[in-house]
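Here's the structure, in structure tokens; my notes come after.
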Amino acid sequence: MPSSRKRPPRDRDPVEIHTDFFLVCMFGFFHLSGFPSYILQRVKKSHGCLRLCCQTLVINQVPFRSLMEILGMLELEAIREVRLHHRSRFCLQSDLIQFFTQVGQMSNLGNLIMSPIPWEFPAYGFSLLSPLGHLQKLHLIADCLSDQLQKMPR
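In case it helps, this note's numbering puts the sequence shown at residues 76 to 229.
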């Protein structure tokens, strides 16, 4: 009976689950199933007793709202590499800035690969990445940044 279960004492450290996530939209539909779905449900229901640590996060055509929900369940400081492959032109500039804000919290991120970036993205958005002291590789494929390239390194 769920109501008769005792919750673990709060003085213990949470259990960490380490895994890589490959989030892929197939045929225009995104649906998590199997292991990733199970783990995310368990983390959500754990009331902080489980921490989901992901070293590599691959995102391919995932709807933006689903992506933000999943990022909210991950321990962002555990992520070492993010690969974003997104061709949709239906995301707003504010969505990309929200994503960059989340990426800016990934304090141990070493590799950020984004291809292609179809949005008209303002150069000031890259300032959200300034907290990334461990970033070693930034790989961007975009055709709409050419007039802003000189602002990006700042």
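Backbone N, C-alpha and C fix where the C-beta goes; we use that ideal spot for every residue, glycine too.
Collapsing the DSSP output to three states places R140 in a helix.
About 23 Å separates the CB atoms of L142 and P89; that is not less than 8 Å, and the two are not in contact. Taking 8 Å as the upper bound for CB-CB distance, N183 and H209 are in contact here, some 5 Å apart. Counting along the chain, the unbroken beta strand (DSSP E) around Q130 starts and ends at L125 to N135.
Leaving aside the five residues that flank F105 on each side, the residues in its chain whose CB is nearer than 6 Å to its CB run, in chain order, V137, P138 and S141. Taking the Cα positions, L98 is about 25 Å away from P206.
Beta-bridge analysis with DSSP links F97 to V133. A residue is called buried when at least 16 other Cβ atoms come within 10 angstroms of its Cβ; H93 does not meet this threshold and is exposed. In this chain, the alpha helix (DSSP H) harbouring L171 covers Q168 to G179. In this structure, DSSP gives P191 an extended state, which the three-state scheme calls strand.
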